[in-house]
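Written out below as structure tokens is the structure these notes cover.
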Amino acid sequence: MIDYEGIEKKWQDAWREARIFEGEIGGKEPYMVTAAFPYANAPQHIGHLRTYGTADVLARYKRMQGYNVLYPMGFHATGTPVLAFAKRFIEKDKDLIAEMKLFHIPDEDLEKMTDPVYIANYFTKELEKGMHKAGYSIDWRRKFTSIDPFFSKFIEWQFGILNEKGLLTQGKHPVGWCPNENNAVGMHDTKHDLEPEIEKETVLRFKVEGEEAYVLCVTYRPETIFGVTNLFVAENAQYILCKIKGMDGNCYLSKASAEALKHQFDITIINEVAGKEMLQKRCINKKGINQMILPIFPGFFVKEDLGSGIVMSVPSHAPFDYAALQRLKGQGYDISMVKPAKLIEVKAGKITEGKDLVPSELDMPALAYLKLTNADENSLEDLLEAATKLQYKEESHWGRMIVKGYEGMSEPEARESIRKELIAAGEAFDVYTLVNSSPVFCRCGSRIVIKTVENQWFINYGNQAWKEAVQNAYSKMRILPEKSKNAFESAIGWIDLRAVVRAQGLGTKFPFDKDYIIESLSDSTIYMSFYTISNLIREVELDKLKPEFFGYVFLGKGNADKVAESTGIDPETIRKCSESFSYWYKNTSRHSALELIFNHLTMYIFNHVAIFDEAYWPKQIVTNGMVLMEGEKMSKSLGNIVPLLDGIRNYGADPLRAVVISSADLFSDSEFSNEALNGIKERFEYMFSIVQNLEGMGSSGLKQIDYWLYSKLNRKIRDSTASMETLSLRDVATSLIYDSVIELRRYFSRGGVNSIVVKDYMTNLVLMLQPMAPHLSEELWHMLGNDSFASLEKWPTPDESVISDIIEDLEALLESTIVDAKQVSELMKKKENREPREFRLIVASDWKREIQNRLATERNSSTLLQELKGSESITNKETAAKYILSLSKKINEIKSIQFSQKEEYDSLKEAEDYLGSQLKCKVLVEKEEESKSNRASRAMPGKPSIDLIY
RNA sequence: GCAGGGGUGGCAGAGCUUGGCCAAAUGCGACGGGCUUAGGACCCGUUUCCAUAGCGGAUGCGAGAGUUCAAAUCUCUCCCCCUGCACCA
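Residue 24 is where the first sequence starts when you use the working numbering, and the numbers rise one by one after that.
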């Protein structure tokens, strides 16, 4: 049995003592692996093994490839989560405390968790402990957190440069806002951790007849302005007439909606108007096709606090509007002046197509969609909603405008161009709305609104020159897995203004407005470079870390002595820092999760391009999926989080690493399951026992099966090396863990006994297992009689000359022959209930191989038949012709045969005993031309004829 | 809605870039058999349907259409699922 706990401790101690993972500048090619900052508000669970484990595999692999590898680690504490976390502790949040209990955090520590800095420090230590126990080859001397003061100095320097280069801008920005606390709110600040979802909608205005005032309507579909027949208000709601700053004329909207919109617009109330009073007014729609005068009706579905509290009615394209009008008609309203207009035609709609719709209904599409959803004007709102969605979907997907001037335009196209026209004409403007399915509340209890923040600072990732430089840099980078390349490309094109400061949270103060703090993704875009000097400047006084110091170290600006003079840092340290950065940072691999492509990783590229010289731009980015727990997402609510330390204790670090890293390719989510884990453990045990029992094994001359094992081994080395290069760790694991055991078992069952061969096999296997299962590898390496660290050994190189398709094919032939023979025997037993006393295996003649190989390359039987006449090597021409004809049926599927009759015969002959033991019967191998069996002629190359002798 | 990625056998998951060797690797499960006092482990076989002294045939890789002598693999259309969408780490 493998004592995982024992070998983990043994080797972790040994590694640490020998300091073999501490990156020092050396003669060898450097290679730096960095993985995303873990966030310091919880200890690790086994999901973390994915990113950090993959990074460690690469680090260990590169080390064995002869690189001088540096794998540093730091921690993230910037932003609001830690603050929110502390807040929840102050409130004694039960869920949170339960979650922390899951991680076995002692009560006395929990009590201190009301202090954000304590929290960050505490989990930083926990995270380091977990990573150490997982066996990561990290150089811990370089660790820092994103709230360490010396790191802030570095970030200030970075933003200074961004500003110098004109990449920071200011402008308006919509945010979720708590009107009570006067604060921007994010997910962490809301009840139930809801993210406020903000969407842009369009406000259209309609002139009121006889007044210098407008009615405002909020809509997603400004293109339907041509078909507006009337407006709807909530009869019992309160409306207001008001002045909106920057707009000519006064506006009508509901009082409730003004309450929310006042955070986006400067609204001055002039007077209040009852809903009933609104009904007296009429509006003008200059764009109307069938009617320009719009009456105002009560609408049953109008919500006073949504949008502007007034809805424009387009009965032809909105089931709600149609239904409301029909209901009014039923109540005796005179709606005779309503003249709907059809604006969009759906010809190829998946759902409407082929349905028997009455032509008149097609002029009123909304009615058609109501019918399709089995609804009518009196249906419940849910049904009307379904009809609306269906119509919206079909029209935006397949709809074409039939309005003059826009004919043939797709609906989304028309929407955008009409919106722009109306805004340019001053008849419309944008508004932001919260689109969460239910209202979002702040933790303080008040309802969240949207506020437009003035003078918000942004990083302008939309800057064209910058974008182009990034695209250029990107084209030279290596992205793994290749599948995520497209995502990067579109992310680079898409990323635009990004708000960069926040009012709250831990982190670095924004240098150009000290009231704000740099937002937490923006302060983590170039921190990896800081690892190259963090261990060297730990003792330097903070106020000495001036911009010119960083400028010299990272950009080579000025000279060391002058910088020493102006900063007071000793010149030796400055030189060392500069040297360290330019040594380590040339060859880097960045590891993070897939979902960070659209923010962190893209910002990482942009900022490197903006700040550093080209030589230090990113070289490689590796992304990976998440870890699922028995098919489900690990989440607090499901309670299926396995803390990393628990996982290591229960399963062993190596099996855990292997299962998480190897159960999926980089792109997919991997799965933690007990089954898979046990499967891996069993294989490890098997390997362990082989090494343990190596002494007792015999030796003999090399037989086919020995050559076979060598062939398999070297093929494995070749393929695994290739897979390692692309970090196809699933393939590596399958080959090393699962296939190896199958091969070894086969070797022994075939009578392999050569301890030298097995030792060679295990030696190479153990080295290749090092990146994935470092402790076990190290242990087995020593059991095999080595004194060095496997971690520092050379990765094996394949000996191509012993990779033999022929030998592997011949071995496969043995297996398939056994299977076939058994099958025949079974069949006969069933049928005639008798057991054979001998199996005769007849190997096909060489002339059959000749023919088969010719057909495989030429794919033409007639020329061959022609040549047959003159052939001297083939004596029985009739048989040969028949053979050709039988093959020609599937002329395109014929495979060529690599081995001769002699090779096939020798292979089977050598294995006669093995075949006999497998078939539990006497086996005799003979050649076709020497056989007296009447089944001899059925033999085909690579498919011996089987004759059962009774 | 936009962007990116997927949909393969009971399940998980290869293969699809470079069409034929793919009824489709491998792992798990299920069933039958062996081994065993028994269980576990291990070994053998079956696991779409039909046929059968093995080497054969049919159907088949989200749906539909197309290209081709030949498609899980290429093209088009559609449906469905997952992830991200910004101040949130």
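Cβ atoms here follow ideal geometry from the backbone N, Cα and C, with glycine treated the same way.
- Task: Just the C-alpha distance for E232 and K299, rounded to the nearest angstrom, thanks.
- Result: 17 Å
- Who are the near neighbours of M387 in its chain, counting only those whose CB is closer than 8 Å to its CB and skipping five residues on each side? P338, S339, Y345, P363 and K365
- According to DSSP, is T101 helix, strand or coil? coil
- Message: Taking 8 Å as the threshold (C-beta atoms), are A59 and A676 in contact?
- Response: no
- Query: Leaving out the 5 sequence neighbours to the left and right, which residues in its chain are closer than 6 Å to E327 when beta-carbon positions are compared?
  - Reply: A257, A260, S277 and A279
- Under a Cβ-count criterion, where at least 16 other Cβ atoms within 10 Å of its own Cβ denotes burial, should K373 be classed as buried or exposed? Residue placement at K373 is poorly supported in this model, since its pLDDT is 47, which falls under 50; the coordinates still yield a value, given next. It is exposed - the Cβ of K373 has fewer than 16 other Cβ atoms within 10 Å.
- Message: Using a Cβ-Cβ cutoff of less than 7 Å, which residues in the same chain neighbour H68 once the five nearest sequence positions on both sides are dropped?
- Response: M657, I664, V665, P666 and L667
- Per-residue burial, R863 [other beta carbons within 10 Å of its own, 16 or more giving buried]: buried
- Taking Cβ to Cβ, would you say L833 is nearer than 8 Å to F922? yes
- Does any heavy atom of the ligand ZN sit closer than 7 Å to the C-beta of I333? In terms of ligand content, the structure shown is empty, and the ligand ZN therefore cannot be addressed.
- Endpoints, alpha helix (DSSP H) assigned at P16: Because the chain in this structure spans residues 24 to 973, residue 16 falls outside the shown range and cannot be described.
- What do you reckon, are the CB atoms on S169 and G530 nearer than 8 Å? yes
- Message: Let's see if you can read the secondary structure: which residues bound the beta strand (DSSP E) around S336?
- Response: I333 to S336
- In angstroms with no decimal places, state the Cα-to-Cα distance between R961 and R857. 23 Å
- Message: Less than 7 Å between C-beta atoms, sequence neighbours within five positions excluded: which residues of the same chain meet that for D754?
- Response: S746
- Can you tell me whether DSSP reads S930 as helix, strand or coil? helix
- Task: Below 8 Å on the Cβ atoms is my guess for R773 versus Y937; work out the distance and round it to an integer in Å.
- Result: 6 Å
- Please report the Cβ distance between G153 and P66, rounded to the nearest whole angstrom; I am assuming they are in contact, meaning their Cβ atoms lie under 8 Å. 6 Å
- Query: For the candidate residues G702, L651, V524 and I263, whose alpha-carbon lies nearest to that of A207?
  - Reply: V524
- Start and end residues, alpha helix (DSSP H) containing P737: According to the sequence as given, residue 737 is Asn; it is not Pro. Element bounds for N737: Q727 to E748.
- Query: What are the boundary residues of the beta strand (DSSP E) that includes Y627?
  - Reply: First-last for Y627: T625 to I634, but that is the alpha helix (DSSP H), not the beta strand (DSSP E).
- Task: Assign A236 to one of three DSSP states: helix, strand, or coil.
- Result: strand
- Go to Y275, then tell me how far its beta strand (DSSP E) extends in each direction, as first and last residue. N273 to S277
- Message: Going by DSSP, what residue range makes up the alpha helix (DSSP H) through R672?
- Response: L667 to Y674
- Task: Would you mind stating whether N253 and F320 have Cβ atoms separated by less than 8 Å?
- Result: yes
- Task: State the Cα-Cα distance for the pair S14 and Y973, rounded to the nearest angstrom.
- Result: Examination of residue 14 is not possible in this model, given that the chain is present from 24 through 973 alone.
- Do the region 111-130 and the region 617-630 meet, that is, are 3 or more Cβ pairs less than 8 Å apart? no
- From the DSSP output, read off the bridge partner residues of P678. According to DSSP, P678 bridges with nothing at all.
- Task: Spell out the partners DSSP gives L457 in its beta bridges.
- Result: I221
- Query: Which full runs of the alpha helix (DSSP H) of 4+ residues lie inside the region 451-504, going along the chain?
  - Reply: 487-498
- Message: Please identify the residue among V825, Q727, K195 and S743 whose C-alpha is closest to the C-alpha of D453.
- Response: K195
- Item | Residue range of the beta strand (DSSP E) that includes P318 | I316 to P321
- Message: Rounded to the nearest angstrom, what separates W421 and S433 at their Cα positions?
- Response: 7 Å
- Query: Under 8 Å, do A236 and G189 count as touching if we go by C-beta distance?
  - Reply: no
- Query: Secondary structure at G377, three-state DSSP: helix, strand or coil?
  - Reply: Confidence in G377 is poor, its pLDDT being 46 and thus under 50, which makes the residue's placement unreliable; the coordinate value appears in the next sentence. Reduced to three states, the DSSP call for G377 is coil.
- Neighbourhood of R466 by C-beta, 8 Å cutoff - its chain only, sequence neighbours within 5 removed: K110, D212, T213 and K214
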